[in-house]
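The structure appears right after this line, and notes come after that.
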Amino acid sequence: MALKKDFLWGGATAANQCEGGYNLDGRGLANVDVVPHGKDRFPIILGEMKHLDFDDTHFYPAKEAIDMYHHWKEDLALFAEMGFKTYRMSLAWTRIFPNGDENEPNEAGLAFYEEIFKECQRLGIEPLVTITHFDCPIHLIKEYGGWRNRKMVDFYENLVRTIFTRYKGLVHYWLTFNEINMLLHAPFMGAGIVFEEGENKEQVKYIAAHHELLASALATKIAHEIDPENKIGCMLAAGDFYPYDCHPDNVAEAQAKNRENFFFIDVQSRGNYPNYALKSLERQGIKLPIETGDLEILAENTVDFISFSYYSSRVAKVTGESEKSAGNIFEAVSNPYLESSEWGWQIDPKGLRITMNTIYDRYQKPLFIVENGLGAVDTPDEKGEINDNYRIAYLAAHIAEMKKAVELDGVELLGYTSWGCIDLVSAGTGEMSKRYGFIYVDRDDVGNGSLKRTAKKSFYWYKKVIATNGEDL
Ligand code: BGP
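Heads up: the sequence shown begins at 1 in full-length UniProt numbering, then just goes up one per residue.
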């Protein structure tokens, strides 16, 4: 059994990491716009600082990014040349609702995405749209405190009604929140949370979690009502935790870490809060802000498919010192059997097959791999060519394991979109030098460069992979 004929090969981006055009055509400011690169980035991502003001004299990586706002047609043409069947992208909430709490949308923002979707249709590319990818209007953070406030559910509902109606027939695949479990690790990015002095952070995070889960279920309901053809997915930052060894304490620790990861998806896919989480929250004195009718909404509106990002597996050890991989938000012990990228992310292709099996066993719903890739420094040679053999090796090894999960284990898989199919700003570092793309973009960490697009060696390799439906790696 090979991959299905209609397997959705493609690539993935996020609005704030590639669009730029931060203040054009009525767009409002979002959380990601005010996060600088450099030493202040991590504390802000974690919700620990209050620098929410945009100072135009500063350089913010998302401000211009790779200027896809003006280059999108050229970029889609390159994706089409590679043979993409799908393109995962996200909407900037503040293009459509600049403040987030208006009743009426900004027509220029809606029209911008409509043009993109129409061009995708013309090129035979199925859009896969992340509704929010680390994206929250600044106004909603300042006025309402982000997702800690239940009013966010209404604002999100207004957003989804608007886009499902406007893009009916143009878009069929939607993801409600990018890497929803990142809310627990990077609450400013995931939920627009800025902590107040002395407050119970875990309590705030789980309040925001309930609101996002409710919003996601409502979005699922509305999407199906507006167009029964709509398919809604949740999105998980995945990667199984392996026990460090067979010591039962480490095995139990791995189980606990995996459950913490699956908490959101358990609700989105099974429709109820998992027993282990309810008990653990109770022990910690954390209350979920559940109101009458909420549990029914969660139960009745589970997702159609499960999407996830996979960069690496992780290791859990109970007694050991935990070390943080550079640029990676998850705390994990390093795995002595694996090599690492230049940013310390460990490389484990087999872990992709293992993770796919874990998720499919748990939920029995179709999967979609919507992020996978290698962040690396690419240096053009004297001819200006980029021979990124390391990226080809990484992707080929992962795709080979992905195929085994489908062909040998029977996992149902809708598609694969490689992360950062065109070079873009890194979410972790806020810099350009950590590149993932098949297409090189001439732009450096401080905003210099012509923005010229150049196909890398991996561009031609991926084209061949798609043309042979993954047979020729
Ligand atoms: C995921 C995010 C992406 C992306 C990717 C790579 O967590 O969904 O937005 O950036 O990680 O991470 P980084 O950019 O830090 O290398």
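We put the beta carbon where it would ideally sit given N, CA and C, even for glycine.
Measuring only between beta-carbons, confirm whether residue i sits less than 7 angstroms from chain C.
i: F308; result: Here chain C cannot be found, since the structure has a single protein chain.
Should residue i and residue j be called a contact, given that it needs their Cβ atoms to be closer than 7 angstroms?
i: G146; j: A191; result: yes
i: I138; j: L29; result: yes
i: V267; j: L213; result: yes
i: G20; j: Y60; result: no
i: residue 542; j: V303; result: A query on residue 542 cannot be resolved here, the shown segment of the chain reaching from 1 to 473 and no further.
i: S318; j: E253; result: What sits at residue 318 in the sequence shown is Val, not Ser. In contact: V318 and E253 (Cβ atoms closer than 7 angstroms).
i: E371; j: A62; result: no
i: F264; j: N181; result: yes
i: G100; j: L46; result: no
i: D442; j: K457; result: no
i: F7; j: G415; result: yes
i: L183; j: A209; result: yes
i: P105; j: T162; result: yes
i: G10; j: Y87; result: yes
i: G384; j: R41; result: no
i: A111; j: A15; result: no
i: A400; j: L473; result: yes
So if DSSP puts residue i in a beta bridge, which residue, or which two residues, is it bridged to?
i: A12; result: R88, W419
i: S340; result: Q346
i: K168; result: V171
i: G233; result: L175, F305
i: P243; result: A316
i: I222; result: DSSP lists no partner for I222.
i: Y22; result: DSSP, once it has assigned bridges, lists no residue as partnering Y22.
i: T454; result: Y440
i: A238; result: Y310
i: R435; result: A376
i: A208; result: Partner(s): none; A208 has no beta bridge.
i: L413; result: L367
i: A215; result: None, per the DSSP bridge assignment.
Do you know whose CA, among the options, lies nearest residue i's CA?
i: H224; options: T165, Q203, L184; result: T165
i: E64; options: P274, M432, I399; result: M432
i: D348; options: K365, E342, H398, A299; result: H398
i: Y273; options: M89, L295, G26, L3; result: L295
i: Q32; options: D25, L24, G26, Q17; result: Residue identity check: residue 32 is Val in the sequence provided, not Gln. The candidate whose alpha carbon is nearest that of V32 is Q17.
i: R270; options: A427, G293, R362, Y113; result: R362
i: A332; options: F117, K257, P366, E143; result: K257
i: G26; options: F84, K5, P366, T94; result: T94
i: Y206; options: L288, Y173, Y244, M89; result: L288
i: F459; options: G198, T468, L298, N387; result: N387
i: A80; options: G410, S90, I116; result: I116
i: M82; options: S450, V425, D472, C421; result: C421
i: residue 475; options: L278, C246, E48; result: Past the edges of the chain, shown from 1 to 473, lies residue 475, and the structure says nothing about it.
i: residue 484; options: Y144, V425, I286; result: What the structure shows of the chain is the stretch from 1 to 473, and residue 484 is not part of that stretch, so it cannot be assessed.
i: Y167; options: E471, F195, E107, E179; result: E107
i: residue 512; options: Q364, E74, G109; result: Any answer about residue 512 is impossible in this case: the structure gives the chain only from 1 up to 473.
i: Q121; options: L76, L3, P366; result: L76
i: D445; options: W461, L424, K463, Y462; result: L424
i: S340; options: W72, K118, D67, Y390; result: Y390
Taking 6 angstroms as the cut-off, does the CB of residue i come closer than this to any heavy atom belonging to the ligand ADP?
i: A427; result: You won't find the ligand ADP in this model; what it holds is the ligand BGP.
Check: On the three-pair Cβ rule with 8 angstroms, is the region 179 to 196 touching the region 112 to 131?
Finding: no
Note to self: Quick check on the DSSP output: what are the complete beta strand (DSSP E) runs of length 3 or more inside the region 248 to 316, in order along the chain?
What the structure shows: 305 to 310, 314 to 316
Next item on the list: Ignoring anything shorter than 4 residues or poking outside the region 73 to 139, list the alpha helix (DSSP H) runs there in chain order.
Entry: 93 to 96, 107 to 123
Note to self: Tell me whether the region 436 to 454 and the region 373 to 387 touch, counting them as touching only if at least three CB pairs, one residue from each stretch, are closer than 8 angstroms.
What the structure shows: yes
Note to self: Across the region 388 to 407 and the region 348 to 364, are there enough close Cβ pairs to call them in contact, namely three or more that are closer than 8 angstroms?
What the structure shows: Short answer: they touch.
Checklist line | Touch test, the region 234 to 241 against the region 303 to 314, Cβ-Cβ under 8 angstroms, three pairs minimum | finding: By the Cβ criterion, the region 234 to 241 is in contact with the region 303 to 314, since at least three pairs of Cβ atoms, one from each stretch, lie closer than 8 angstroms.
Next item on the list: Could you tell me whether the region 205 to 221 touches the region 154 to 164, where touching means 3 or more Cβ pairs closer than 8 angstroms?
Entry: yes
Check: What residue ranges within the region 340 to 395 form continuous beta strand (DSSP E) runs of no fewer than 3 residues, ordered along the chain?
Finding: 367 to 371
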